[in-house]
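Asks: The opening residue of the sequence shown carries number 24 in the working numbering; numbering runs sequentially from there.
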Amino acid sequence: MSAFLERLSFPVLTRLCGLSLLLRVGFVFVVQPSIVAVEDFNIAEHLARSDGFAYGGFDDDFRPTALKSPAYPLFLATFLALFGEQAKIVVVLVQHALAAFSPILLWRIGESLNEARLGKIAALLFLSHPSHFYYPTVLEVTNLFAPLAILWLFFSIRLARAAPMSLATFGFGLFSGVLVLAQPVALLPVVATLVFAFRRRLKSLALILLALLAPMSVWTARNLVVFGKAIPTKSPFYMNLYVGLLPEHSGLKAFEFLDDETIRRIDSLRQSTSDVEMEAHYKEVSLNAVRRKPLLYAAKTLWQAALYWFVPPRYFGNLSLSFVAVRLLPVLILNALFAWGLARLWRRRPDIAIAIALTLTYFTAVYALTHVSNIRFKLDIEWLELFACAAAFDERKPTTEIE
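See the structure below:
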């Protein structure tokens, strides 16, 4: 491994990324996998039709929504406006390109942390990750958020060492706001990282946070006008808590919180009530259920934390060759490598190990407390896990921490 890493140069990695893109394009056009499109694409279609940020059918039965944060629907709507009926395949190819060349940034992040070998190994792990090879075929926000998050981390490390005040710093703040509007759950780790990275440059930190609020303020103002409520990212909060209380989303019938009549009532309300107005109903039902069975909810939370690191309940019993190869085996292998690698990284670079552990703990807790229905929840941040996994392959002695 050491000899190979020494020979692995940036041009070689770039060529490997190019080869990955060629394989991905071949996969899309030869295998022709089904392109799955859900809520984001529906909203994007309405945006492209000048219906506004709306969700629903196309015979005047749609309604304005804040069900999704705006970044990914706007991304999709751009391609719909430019390419029409060919938009789906074009988006898929763009998403594959973003994934194919993300390893270059992982390497650069490693270099910025004085851990070029870890960056190289993380890049190779990403290149060989079957889930990241397949998932760009799905029209889900992870395919935009993960590359943007990797790019954001690279810029945050570089700018923390740059001049205190600059146009680039303000632009980075705007970029941070867009990242949050792609995946709102990232808000806390983004702000925490900024505070830590720029703690000695308070003027730069203030400028970045001010710029971060700019795109979020535009979206919040829209929601104030449309719904009369300040919604800085997206409306579902208690909805996510409610979904996690449904047995089919926890995977175990033992976690029974809601009776059939309550579920039917909520389902009926959803047919005629906006997602913003539904939050009050989700809140009432969910909080009452948790108050009645707090210990059961605690047990469910621990169970869902474990599922976050395994597979969602909907895939229980799925032993198809494609699923086992693309997701099940990679998850099991990564979990083993992560446990081993994090322990080694902790001894060598505790600063990096702590940052990775805290970030993954936060994401785990968010989904454990709500629901773990989708594979993309873990894929959002699985690239960060690869730096710890990389340490399992690297036997170098401790290095100097970054300032």
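A virtual CB, placed ideally from N, CA and C, is assigned to each residue, including glycine.
Within 8 angstroms, do at least three Cβ pairs link the segment 386-402 to the segment 122-141?
Replies: no
Asks: So LEU351 packs on VAL334, CB below 8 angstroms; how close in whole Å?
Replies: 6 angstroms
Asks: Would you mind giving the Cβ-Cβ distance between GLU103 and ALA71, rounded to the nearest angstrom? I have them listed as a contact below 8 angstroms.
Replies: Looking at the sequence shown, residue 103 is not Glu but Leu. Yes, LEU103 and ALA71 are in contact; Cβ-Cβ is about 4 angstroms, under 8 angstroms.
Asks: From ALA312 to LEU381, what does the alpha carbon distance come to, in whole angstroms?
Replies: 29 angstroms
Asks: Can you check DSSP and say which residues form a bridge with ALA60?
Replies: LEU162
Asks: Any idea which residues DSSP pairs ARG372 with across the strands?
Replies: Bridge partners of ARG372: none, in fact.
Asks: Let me check understanding here. Comparing Cα to Cα, which of VAL266, TRP332, PHE339, SER273 lies closest to HIS304?
Replies: VAL266
Asks: For the candidate residues VAL249, SER179, PRO238, whose alpha-carbon lies nearest to that of ALA215?
Replies: Ranking VAL249, SER179, PRO238 by Cα distance to ALA215 puts SER179 first.
Asks: Can you give me the Cβ contacts of ILE254 inside the same chain, cut-off strictly under 6 angstroms, excluding the 5 residues immediately before and after it?
Replies: ALA89, ASN246
Asks: With DSSP as the reference, label ARG86 as helix, strand or coil.
Replies: strand
Asks: Return the residue from the list THR256, LEU325, THR243 that minimises the CA-CA distance to LEU204.
Replies: THR256
Asks: Do PHE81 and LEU162 count as a contact pair if the criterion is CB distance below 7 angstroms?
Replies: no
Asks: Since TYR261 and GLU302 should fall inside the 8 angstroms C-beta cutoff, what is the C-beta to C-beta distance between them, to a whole number of angstroms?
Replies: 5 angstroms
Asks: Shortest alpha-carbon distance to LEU167 belongs to which of PRO93, ALA145, PRO34?
Replies: PRO93
Asks: Entirely within the segment 314-344 and at least 4 residues each: give me those alpha helix (DSSP H) ranges in chain order.
Replies: Counting whole runs of 4 or more residues, the segment 314-344 contains the alpha helix (DSSP H) stretches 317-331.
Asks: Considering only DSSP beta bridges, list what TYR78 is partnered with.
Replies: ARG86
Asks: Compute the distance between the beta-carbons of THR324 and ALA277, then report whether it is under 7 angstroms.
Replies: no
Asks: What do you get for ILE404, buried or exposed, if any count of 16 or more other CB atoms within 10 angstroms of its CB means buried?
Replies: buried
Asks: At what residues does the alpha helix (DSSP H) containing PHE149 begin and finish?
Replies: 139-150
Asks: On the CB-based measure, 16 or more other CB atoms within 10 Å of its CB, does THR384 come out buried or exposed?
Replies: exposed
Asks: In three-state terms, what does DSSP make of MET188?
Replies: coil
Asks: Apart from the five residues just before and just after LEU182, which ones in its own chain have a Cβ nearer than 7 angstroms to its Cβ?
Replies: ALA191, THR192, PHE195
Asks: Which same chain residues, not among the five before or five after HIS152, have their C-beta less than 7 angstroms away from its C-beta?
Replies: PRO353
Asks: Just how far apart, CA to CA, sit LEU230 and ILE356?
Replies: The alpha-carbon atoms of LEU230 and ILE356 are separated by roughly 42 angstroms.
Asks: Could you tell me the boundaries of the alpha helix (DSSP H) in which GLN294 lies?
Replies: Residue range 283-295 is occupied by the alpha helix (DSSP H) that includes GLN294.
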